[in-house]
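S.K.: I'd like to ask some things about the structure below.
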Amino acid sequence: MTSLKRLEIEDDDHAQANFEMVRAHMIRKWYAESQSQDTSIRNKAAARLHLQNLIRKNWENTEIWRAERDRRIESGDVEGQNKARSKLKGLGFGKGDYYKFKKDGMPAHIELKYSKEWLMSPVPIEEFLAQSKYDRSAHFQDLSQEQQDVGDNGIMLPMEYSQKLRQEVASVDDILVKEAVIKGEQGTIWKSHRKAMKALLQNKGAVELVWETQLAVQKTHFKKQAGDELKVYRALKETERNHDNKPSRLTFPVNLNNPFVLWGLSSTILWDSFRGGDSWDSPGWTPSGHLRIQNTSGSASLILLFGNRAFVAPGIELPEHVSTQRAVYIAYCTSTAAEVRLEIQFLTNHYITVTILEYQLLKYDQVRRNYDQHGQTVQFAGVPLGDDSS
């Protein structure tokens, strides 16, 4: 049915979202570099922005003249057809030059010309970002950084960035690549879950409209969790870059009025781990939890809620600084008194990660599969939910 097809189409959103993220990153990078005091960096970035404008105008004109050609063909206007074809033939410039420049590097005299044209009349960044209709993923890969070219005026323009800038850009690009991998893994998990859940509900005789609706609801929860995981991953990388070598004091929790004492916990990998469990096919099922740290009278307590189970660690010590190092706490289950080991990273912008043995979560749900009782862990992404002190 249409709604199920819509669910399948949404799985392709990961690729589109990744393209948009890389595109925005590259455009902001070019804009920042076009303001550099280093002439070679400034000219290179400004020329690249102008080239992207040329590519866009080329595609727009191609679309216009193709439509005009088709209209002339339909009306039998031979002269009009020839004019339109002539216009189309001359429109290979922007696209063709991009791929030539990507292979061989942009000639120095063209780079200088393009940069001057851009710097004389730059487009505001938000306007440039909004003009995405004719942008393609291939456009947002850097032109050759290794080539150098002698222009007609005999001036050699260096094509390499400074070492510091290269390292910064490489670091950001590594994060983008890793985020793409994470999104791919999340997409695979959802497809697997959807297939298994659909088969289960059909075998139980569920009405099609009902199981389609249940999957739609679960898809909404899954996408929220997937987004939260990416937020926490970015916070983790920012903490590595900016705080591990230069500690920043932890600002939460100080007291019950602190707005960051409650976190929502997400782990998309658990959507596969719980297959076949008691709660797996319940209408509102979502493998998620909450963590709260309460600080009263100088004594902090940790409470982890997951499903119908609660884990408590009273009298804990909180780290003083934001860091990727893991603080270790021993909590007990309020239902069984069993001890569990919790490892928490307190990251920048009040994000956290919580690591726990997968076995401690699965065994209470009667999951019908073998699991490692000692080694396999699951990491939750923790996003602050706001003030819970009322």
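The sequence shown begins at 90 in our numbering and counts up by one.
We treat Cβ as the ideally placed atom computed from N, Cα and C, and that holds for glycine.
#1: In the structure shown, what three-state DSSP assignment does residue 384 receive?
#2: On a Cα-Cα basis, can you pick out the residue from 431, 450 and 448 that is closest to residue 441?
#3: Here's a check: name, in chain order, each residue in its chain whose Cβ is nearer than 6 Å to the Cβ of residue 449, leaving out the five neighbours to either side.
#4: List the endpoints of the continuous alpha helix (DSSP H) containing residue 299.
#5: Distance, Cα to Cα, residue 362 vs residue 131?
#6: Determine the DSSP secondary structure at residue 204, reduced to helix, strand or coil.
#7: Can residue 411 and residue 391 be called in contact, C-beta distance under 8 Å?
#8: Might you give, ordered along the chain, the residues of its own chain that have their beta carbon closer than 7 Å to the beta carbon of residue 213, omitting 5 neighbours on each side?
#9: Cα separation between residue 420 and residue 404?
#10: For residue 298, is the classification buried or exposed, using 16 other Cβ atoms within 10 angstroms of its Cβ as the cut-off for buried?
#11: Identify whether residue 217 lies in helix, strand or coil by the three-state DSSP scheme.
#12: Where does residue 222 land, buried or exposed, given buried means 16+ other C-beta within 10 angstroms?
#13: Could you tell me the alpha carbon to alpha carbon distance between residue 144 and residue 200, rounded to whole angstroms?
#14: Enumerate in chain order the residues of its own chain whose CB-to-CB distance from residue 359 is below 7 Å, with the five nearest sequence positions on each side excluded.
#15: Hey, quick one: how far does the beta strand (DSSP E) through residue 428 stretch, first residue to last?
#16: How many angstroms separate the CA atom of residue 219 from the CA atom of residue 473?
#17: Is residue 353 helix, strand or coil when you go by DSSP?
#18: Here's the rule I'm using: 16 or more other beta-carbon atoms within 10 Å means buried, otherwise exposed. How should residue 303 be labelled?
#19: Could you tell me the alpha carbon to alpha carbon distance between residue 465 and residue 210, rounded to whole angstroms?
#20: Drop a sphere of 10 angstroms on the beta-carbon of residue 118, count the other beta-carbons inside from all chains shown, and report buried for 16 or more, exposed for fewer.
#21: Which of the three DSSP states, helix, strand or coil, is assigned to residue 442?
#22: In terms of DSSP beta bridges, what is residue 393 paired with?
#23: Reducing DSSP to helix, strand and coil, say where residue 238 ends up.
#24: Take residue 125 and list the residues in its own chain whose beta-carbon comes closer than 8 Å to its own, dropping the five residues that flank it on each side.
#25: Alpha carbon to alpha carbon, how far is residue 137 from residue 156? Give it in angstroms, no decimals.
#26: Determine the burial state of residue 378: buried for a count of at least 16 other Cβ atoms within 10 Å of its Cβ, exposed for fewer.
#27: What is the rounded straight-line gap between the Cα of residue 356 and the Cα of residue 163?
#28: Quick one, which of 152, 470, 401 and 283 has its alpha-carbon nearest residue 319's?
#29: Put residue 466 into one of helix, strand or coil per three-state DSSP.
#30: Ordered along the chain, which non-local residues of its own chain (more than five positions away) have a Cβ less than 7 Å from that of residue 388?
M.R.: Taking the geometry as given:
#1: strand
#2: 431
#3: 429
#4: 297 to 331
#5: 50 Å
#6: helix
#7: no
#8: none
#9: 10 Å
#10: exposed
#11: helix
#12: exposed
#13: 15 Å
#14: 376 and 467
#15: 428 to 435
#16: 30 Å
#17: strand
#18: buried
#19: 57 Å
#20: buried
#21: strand
#22: 380 and 400
#23: Residue placement at residue 238 is poorly supported in this model, since its pLDDT is 35, which falls under 50; the coordinates are not used for a value here.
#24: 131 and 134
#25: 29 Å
#26: buried
#27: 57 Å
#28: 470
#29: strand
#30: 404
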